[in-house]
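According to the numbering used here, the first sequence is numbered sequentially starting from 1127. Taking it in order: structure first as structure tokens, then the write-up.
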Amino acid sequence: MRLSQLFSQTLRQAPADADVRSHQFLLRAGFIRQIAAGVFAYLPLAKRSLAKIEDIVRQEMDAIGGQEISMPVVHPAEIWQESGRWYQIGPEMARFKDRSGRDMVLGMTHEEVVADLVRHEIQSYRQLPQLIYQIQTKFRDEPRARAGLIRVREFTMKDSYSLDADWEGLDEQYRRHYQAYFNIYNRCGLPVIAVKSDTGMMGGSMAHEFMYLTPIGEDTLLICEESGYAANREVATFIKPAIQTGPPLPVERVATPGTTTIESLARFLNIPTSQTAKAYFAVATVPENGGYTTRFVVAIIRGDMEVNETKLANALKAKELRVANDEEIRAAGAVPGYGSAIGVRNAIVVVDDAIPVSPNLVAGANEEGYHLLNTNYGRDYQADIVADIAAAREGDLSPDGAGPLKAVRGVEVGNIFELGTRYSEALGCTFLDRNGEAKPVVMGSYGIGIGRLLACIAEHYCDDKGLMWPVSVAPYHVHLVLASGDDDRARELADALYGELLSAKVEVLYDDRPERPGVKFNDADLIGLPLRLTIGSKSLAQGGVEVKRRNRDERRIVAVDQVLQHVQDEIAALFAEIDSRVVEVDFVD
RNA sequence: CGGGGUGUGGCGCAGUCUGGUAGCGCGCGUCGUUUGGGACGACGAGGCCCCGGGUUCGAGUCCCGGCACCCCGACCA
1127 MRLSQLFSQT
1137 LRQAPADADV
1147 RSHQFLLRAG
1157 FIRQIAAGVF
1167 AYLPLAKRSL
1177 AKIEDIVRQE
1187 MDAIGGQEIS
1197 MPVVHPAEIW
1207 QESGRWYQIG
1217 PEMARFKDRS
1227 GRDMVLGMTH
1237 EEVVADLVRH
1247 EIQSYRQLPQ
1257 LIYQIQTKFR
1267 DEPRARAGLI
1277 RVREFTMKDS
1287 YSLDADWEGL
1297 DEQYRRHYQA
1307 YFNIYNRCGL
1317 PVIAVKSDTG
1327 MMGGSMAHEF
1337 MYLTPIGEDT
1347 LLICEESGYA
1357 ANREVATFIK
1367 PAIQTGPPLP
1377 VERVATPGTT
1387 TIESLARFLN
1397 IPTSQTAKAY
1407 FAVATVPENG
1417 GYTTRFVVAI
1427 IRGDMEVNET
1437 KLANALKAKE
1447 LRVANDEEIR
1457 AAGAVPGYGS
1467 AIGVRNAIVV
1477 VDDAIPVSPN
1487 LVAGANEEGY
1497 HLLNTNYGRD
1507 YQADIVADIA
1517 AAREGDLSPD
1527 GAGPLKAVRG
1537 VEVGNIFELG
1547 TRYSEALGCT
1557 FLDRNGEAKP
1567 VVMGSYGIGI
1577 GRLLACIAEH
1587 YCDDKGLMWP
1597 VSVAPYHVHL
1607 VLASGDDDRA
1617 RELADALYGE
1627 LLSAKVEVLY
1637 DDRPERPGVK
1647 FNDADLIGLP
1657 LRLTIGSKSL
1667 AQGGVEVKRR
1677 NRDERRIVAV
1687 DQVLQHVQDE
1697 IAALFAEIDS
1707 RVVEVDFVD
């Protein structure tokens, strides 16, 4: 491609609203343009890189038995009503009516369509297992798009769906994806870690997320460097420190004026925070009698810990959860700042699993200015649910006991879910097994955000001058710079070399513009192709063509008749380096 | 949805407080000089100053109401 013909131009200054490096450089180098909040156009350079990522994904999916299909972006509401997600999912799902008034949705994911296909196609265990996938546009009306391509509303996703006759089969396909995903990221040059994650709106049992670690990430992960334990904050567990046990002592009401926080209470009574019980009041929408109702929730946790709202919502099977306001708290018979489960009416009581083994805690008296000493779970109050609802924090002990947890930030570039039979049961995807018995298909669902992956690669491979693409995803391999446009011999040689590279199928971007050399070098650094060739009076005086790698400072002169071979060798070496990163990984459950 | 910020030529910004001919740098076009790390000169094109209402002789500027975009939070496979 001749740069003079390319549909895009570089920008000297980044638009003011780009604040992460990948966004700035992708904009400045002419890869992308924003059309609306979280909605982008992909220009030729980006399109080529995306195509390469997609090819890598296709190869790895095909290698584990995947068959590519294409499902629609527009779905009839009925299938989402059948799965129930029509009612569960809020405004992040775009809905509209077609001309005849039928409800339609823009697909945010494709489990329903898959299930609809499967119930028509799959009748027998003989047709299983299967793995189908697509690379398709999704739309999610996120509350807030941010960070360029990292969090967008419209995006391309590779989503695959495994279909099995039993859980063993699902497990196998799940593990194959786990390895395939590492292969994909390694071939794209992006370092990632796999962490255990919440199943969220997907439902299902086990889930992993693949995380690129970066301070601009929006997920917080807890990792243990000693054991390799890694989990999203939403599900991370830890070993809760035990406190002194002893026989239950009698409850005693004490005046504790002005102690509306655990810290002030502990200071006032001169006790550790772990000797207190904190009440967390929430309002949740929970399943009841086949529908949903809104209930007041009291969650009790020891004062030295914090409630993890995701864990709490999961314990309640709630589809929505928010903190309660003061009126709601008082209406339930509790007093903000002096609250506990004791004396609260019409509430679901959830107790953290550390509470039953922590006796004689100080809890609120539900009376302004008073607390109760020596409250004991089981004797003084009961719970509807006992579960781990505590948030793991940096410094907590890893659940395997190997060492402390560390908090890091990451961007989720992929995920895998064991869905089980949730969708197949809802949509009636059954097959006849060996015994002629109808059984629901066991499903898994696996996603990779293609554009987000591109953005993370850009984020990882750049310096203060611009991008530095790994060879496997670079839009072109070679950036050919004609540095002395006035030098006829240089121009002729550059034109000839461009032709020679093209006929040898080398992917080359040729800067033939009538610009000064400085402009061209800066644009080459900005666009970030792995190999730069320069032809100019200076290189010719030294005997040929200057060759430079984007990520190195050395330049060498190669004779004109050897350039093609040299370039091919360099590209092969770059690929060999990338391919050497593809290794077997251990499955960490 | 809550808090904050910004909307002026393709990009970056000034002008708004204190109303009076719409500016600067980059980019863009033509011509000339220049040519190995973002050259220079001359001439030139390009603006519903986010939108709608109001105040005023007169609004980019003041008032009211919207909208869009960005950041923090909530939310999020």
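Built from N, CA and C at the ideal position, the CB exists for glycine as well. Computed from a predicted model, the values in this text were never measured in an experiment.
From this set, the options, which residue's C-alpha is nearest residue i's C-alpha?
i	options	result
residue 1447	1467, 1466, 1420 and 1428	1420
residue 1395	1423, 1383 and 1406	1383
residue 1281	1635, 1263 and 1427	1263
residue 1432	1317, 1399 and 1334	1399
residue 1143	1176, 1231 and 1275	1275
residue 1140	1127, 1220 and 1160	1160
residue 1671	1335, 1707, 1609 and 1520	1609
residue 1525	1372, 1468, 1237 and 1362	1362
residue 1255	1207, 1248, 1289 and 1358	1289
residue 1205	1550, 1683 and 1577	1550
residue 1631	1604, 1542 and 1305	1604
residue 1623	1704, 1562 and 1693	1693
residue 1182	1308, 1561 and 1491	1308
residue 1541	1461, 1304 and 1353	1304
residue 1678	1669, 1687 and 1700	1700
residue 1137	1592, 1346 and 1283	1592
residue 1195	1521, 1156 and 1236	1236
residue 1314	1584, 1676 and 1493	1584
Can you tell me whether residue i is buried or exposed, with buried defined as 16 or more other CB within 10 angstroms of its CB?
i	result
residue 1401	buried
residue 1133	exposed
residue 1663	exposed
residue 1344	exposed
residue 1538	buried
residue 1695	exposed
residue 1691	exposed
residue 1544	buried
residue 1689	buried
residue 1175	buried
residue 1150	buried
residue 1434	buried
residue 1365	exposed
residue 1252	exposed
residue 1371	exposed
residue 1709	exposed
residue 1429	buried
Can you round the beta-carbon distance between residue i and residue j to whole angstroms, since I take them to be within the 8 Å contact cut?
i	j	result
residue 1473	residue 1439	Not a contact, Cβ separation roughly 16 Å.
residue 1271	residue 1163	5 Å
residue 1360	residue 1436	4 Å
residue 1501	residue 1509	Rounded, the Cβ-Cβ distance is 13 Å, inconsistent with contact.
residue 1683	residue 1619	Going by Cβ atoms, the distance from residue 1683 to residue 1619 rounds to 13 Å, so no, they are not a contact pair.
residue 1666	residue 1617	The Cβ separation is near 11 Å, so there is no contact.
residue 1229	residue 1189	Their Cβ separation, rounded to whole angstroms, is 39 Å, which puts residue 1229 and residue 1189 out of contact at 8 Å.
residue 1187	residue 1287	Incorrect: roughly 11 Å between the Cβ atoms, too far for contact.
residue 1600	residue 1656	5 Å
residue 1331	residue 1546	6 Å
residue 1528	residue 1348	Rounded, the Cβ-Cβ distance is 13 Å, inconsistent with contact.
residue 1379	residue 1491	6 Å
Hey, residue i and residue j: beta-carbon distance below 7 Å or not?
i	j	result
residue 1496	residue 1481	no
residue 1471	residue 1450	no
residue 1487	residue 1425	no
residue 1568	residue 1296	yes
residue 1245	residue 1536	no
residue 1300	residue 1575	no
residue 1507	residue 1455	no
residue 1441	residue 1319	no
residue 1250	residue 1627	no
residue 1266	residue 1279	yes
residue 1405	residue 1465	yes
residue 1180	residue 1310	no
residue 1505	residue 1317	no
residue 1651	residue 1607	no
residue 1177	residue 1158	no
residue 1444	residue 1412	yes
residue 1587	residue 1633	no
residue 1629	residue 1704	no
DSSP has residue i in a bridge; who is on the other side?
i	result
residue 1158	1168
residue 1538	1337
residue 1588	1593
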